[in-house]
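Chains as they are written, first to last, in this note's numbering: chain A, 806 to 1137; chain B, 2 to 500. We put the beta carbon where it would ideally sit given N, CA and C, even for glycine. As the structure is a prediction and not an experimental result, all values here were calculated from the model. Written out below as structure tokens is the structure these notes cover.
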């Protein structure tokens, strides 16, 4: 019996040591640190904006394919681009953004399809799980208990090793989150500098991508959809105007009509608007930077102009012409 | 059902253990053994229920044949015993041959004749390679009268006992059957259970924490080789070094889990791995790698073929035949035959070396030992290339990378940190066939490989560890194992399941 007791103690000690290490000691200042800094900057910028304001929120599709510095002036609304990365849990994102949203604000959600269909398990273990445990335990405490467990058990052996490597590289001054983000985002959080010239070296890679769209059933049953619906209810209750939209994708892949219908219905059923652009936000391969969610800069601007015009129509707002500086940029 | 899944650990295992010991206490040994045999068949049927009939039929037929052989032999009817043995071996090897090798043989013959490849869809029953060898052992030991008379119940448990049914260890009838026949098997032993659980948890950590991590690194490199990608020097070596660790931790982890599970049921299995990568020659390697298979090949193939008793030519022939068949046993493919052939050649060369080489002078012996270790390790690692590659073209692609024929590149960040590296490597933003193609993948994988090889080369294996050291190992690994068990995105099967 004593042997079994000692073994049980070893197991408990292991869990305690693991928790202490990843909650208090180890960190990933480069990979997670870059995401965290990007998030902090966007939230801080949003906190300074007067209401009513526009928030563009999705994964990296928001940042790469939408430009607040085009949409905002055209709609005469202060605008912040909240998109960071696809894997960041929607519950986490909404929890961070909700306190900054006020009656009259508008949230445009061109969510990537993977954000609707993400499973509960994958949502718990996204890149934000480690950030929540190490740096944002107050936000973590506001999330459901399943998220606490996910955050506690987010780190595997690679995370342990990567933490050691990143901490060493960061301490040696070889790389850092500020350097990683330098010149890549404007003040509003839009991704800049994804030029067509840089995109050329990615074209062969882009040609190999063939991402299938989810089915309507997957949209309806995805864990991400549950989180989006919960946010739409919150928005309605707080007089925030939420509007769904489509992510940018390759035109070569046709969006199934039932998937489109299910996506639109998700918003309309929950008292939100849904924005459809001509061509369903689908563009030729050559318009993309390094993935179907990421347009090259000129096309990002063109897409943003189209989004601003459609939003103006949906919101019945007056529209201004695009800012003069966009004339320097061309899509195709 | 896989050992590394919550359904096994939280569902099947506690029910199997509780039922076995409670029945043993209240209904006796026979009832407990019937229950255990039933539980083992349920475990096997979880994968594909109809194949339970094949396993049960094979157990029944082999038991009958084994008893007939033993009784004929004990009655002095050797010729009759031999005939029954031949019939039994033909049945077992015929089944294995049909399910595992028929398509390979037909495809190879068709290729030789220039005919189109056949499209047979033969479903390979899980574990057939292992339970066939167990039953071959039983028949041969019956012929040798090297086993006690056993009842069907003990025999069924000897073959189907779920801890070793799928991937071994391959255990001898005379070592295991008497354990099932003893009355003490059904007596609960807390310390035995704790020891078994301890070994099981460390085996689980080897699989989930180490093998699956290294497997992820190896898969990227070998997948690139399958597509004839121009693997660089570091990408090729890192993939190969990672695979060598993956297969060791995966299979030795499985063996430890099997040993631990058996110990929980009061059964002792033999050791199957004993730090094989620490070996200083290839013979020693085979005495420490998959030891129960090595003993089987030696005692049931190499020695019956004549071993080293009929001159050098026959010795080489027997050794090569044994290793080629050993390779083929791992899988129906030319790459496995090449792996077996390589190891056969290594063993032949080692035999010559042992006879011809003179001992080094005393001051040079430590260097000699180090050189012998390095050479053995290099030979073993290089032999994993054909074992893991999907075919000959992929082997050649990987070997080109290993030889540095596609150049030596390193991430720019590394060269900035250590400028001397710039003398041997050209800077690139990322290595495209290394890990997940990030700048930091290189130092991350370097550190992981260093940790893995440190564990393998510098630490004792877990059966050499004292109980307190083992508990320390549990304290270091348990949380990571639970993380992988309950939170990993996918369950990765054991590598030896495919064999």
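For this session: Check whether the Cβ atoms of residue 197(B) and residue 265(B) lie closer than 8 angstroms to each other.
Result: yes
Exercise. Does the Cβ-Cβ distance between residue 1099(A) and residue 908(A) come in under 8 angstroms?
Worked result: no
Problem set entry | residue 871(A) and residue 1112(A) closer than 8 angstroms at C-beta | yes
Exercise. Going straight from the alpha carbon of residue 1047(A) to that of residue 1039(A), what length do you get?
Worked result: 10 angstroms
Exercise. How about residue 960(A): is its C-beta nearer than 8 angstroms to some C-beta of chain B?
Worked result: yes
Exercise. Taking just the CA atoms, how far does residue 960(A) sit from residue 890(A)?
Worked result: 19 angstroms
Exercise. Given that residue 449(B) touches chain A, what residues does it touch there, using C-beta distances under 8 angstroms?
Worked result: 962, 963 and 966
Exercise. Taking just the CA atoms, how far does residue 447(B) sit from residue 1089(A)?
Worked result: 40 angstroms
Exercise. Taking all protein chains shown into account, do 16 or more other C-beta atoms lie within 10 angstroms of the C-beta of residue 8(B), making it buried, or fewer, making it exposed?
Worked result: exposed
Problem set entry | Listed by chain order, chain B residues near residue 1095(A) by CB distance under 7 angstroms | Neighbours of residue 1095(A) on chain B: none; closest Cβ ~12 angstroms, over 7 angstroms.
Exercise. In or out: residue 467(B) buried (at least 16 other Cβ within 10 Å) or exposed?
Worked result: exposed
For this session: Return helix, strand or coil for residue 988(A), following the three-state DSSP convention.
Result: coil
For this session: Leaving out five residues on either side along the sequence, give the residues of the same chain with a beta carbon under 6 angstroms from the beta carbon of residue 242(B).
Result: 450
Problem set entry | Contact with chain A by residue 39(B), beta-carbon distance below 8 angstroms | no
For this session: State whether the segment 305-314 of chain B contacts the segment 330-338 of chain B, with contact taken as three or more CB pairs (one from each stretch) at a distance under 8 angstroms.
Result: no
For this session: Can you grab the Cα-Cα spacing for the pair residue 250(B) / residue 207(B), in whole Å?
Result: 5 angstroms
Exercise. So, residue 435(B) versus residue 443(B), is the Cβ gap smaller than 8 angstroms?
Worked result: yes
Exercise. So who's on the other strand from residue 996(A), going by DSSP bridges?
Worked result: 990(A)
Exercise. Based on the DSSP secondary-structure assignment, which residues constitute the bridge partners of residue 1047(A)?
Worked result: 912(A)
For this session: Kindly indicate the opening and closing residues of the alpha helix (DSSP H) around residue 391(B).
Result: Unbroken run through residue 391(B): none, as it is neither H nor E.
Exercise. Could one say the Cβ of residue 811(A) lies closer than 8 angstroms to chain B's Cβ atoms, at least one of them?
Worked result: yes
Exercise. When the Cβ atoms of the segment 469-478 of chain B are set against those of the segment 807-818 of chain A, are three or more pairs found closer than 8 angstroms?
Worked result: yes
Exercise. Since residue 955(A) meets chain B, which of its residues come closer than 9 angstroms, beta carbon to beta carbon?
Worked result: 488
Exercise. Within this structure, are the beta carbons of residue 495(B) and residue 168(B) separated by less than 8 angstroms?
Worked result: yes
For this session: Please determine, among 216(B), 187(B) and 406(B), the residue with the shortest C-alpha to C-alpha distance to residue 234(B).
Result: 406(B)
Problem set entry | Whole-number beta carbon distance between residue 441(B) and residue 835(A), since they are thought to touch under 8 angstroms | 7 angstroms
For this session: Quick one: give me the first and last residue of the alpha helix (DSSP H) that residue 37(B) is part of.
Result: 30-46
Problem set entry | Classification of residue 137(B) by the beta-carbon crowding that lies within 10 angstroms, buried from 16 upward | buried
For this session: State whether the segment 838-855 of chain A contacts the segment 885-899 of chain A, with contact taken as three or more CB pairs (one from each stretch) at a distance under 8 angstroms.
Result: yes
Exercise. According to the Cβ coordinates, are residue 1160(A) and residue 944(A) closer than 8 angstroms?
Worked result: A question about residue 1160(A) goes unanswered here, because the residues of chain A that appear run from 806 up to 1137.
Exercise. By Cβ distance, which residues of its chain are closer than 6 angstroms to residue 121(B), with the 5 residues on each side in sequence left out?
Worked result: 104
Exercise. Given that a residue counts as buried once 16 or more other Cβ atoms are within 10 Å of its Cβ, and exposed if not, what is residue 830(A)?
Worked result: exposed
Problem set entry | Residues that residue 445(B) contacts on chain A, provided the C-beta gap is smaller than 8 angstroms | 963, 966, 967 and 970
Problem set entry | Residues of the segment 193-213 of chain B whose Cβ lies closer than 8 angstroms to any Cβ of chain A, in chain order | 194, 195, 196, 198, 199, 202, 210 and 211
Exercise. Can a CB atom of chain B be found closer than 8 angstroms to the CB of residue 819(A)?
Worked result: yes
Exercise. In chain B, which residues lie with their C-beta within 9 angstroms of the C-beta of residue 806(A)?
Worked result: 191, 192 and 195
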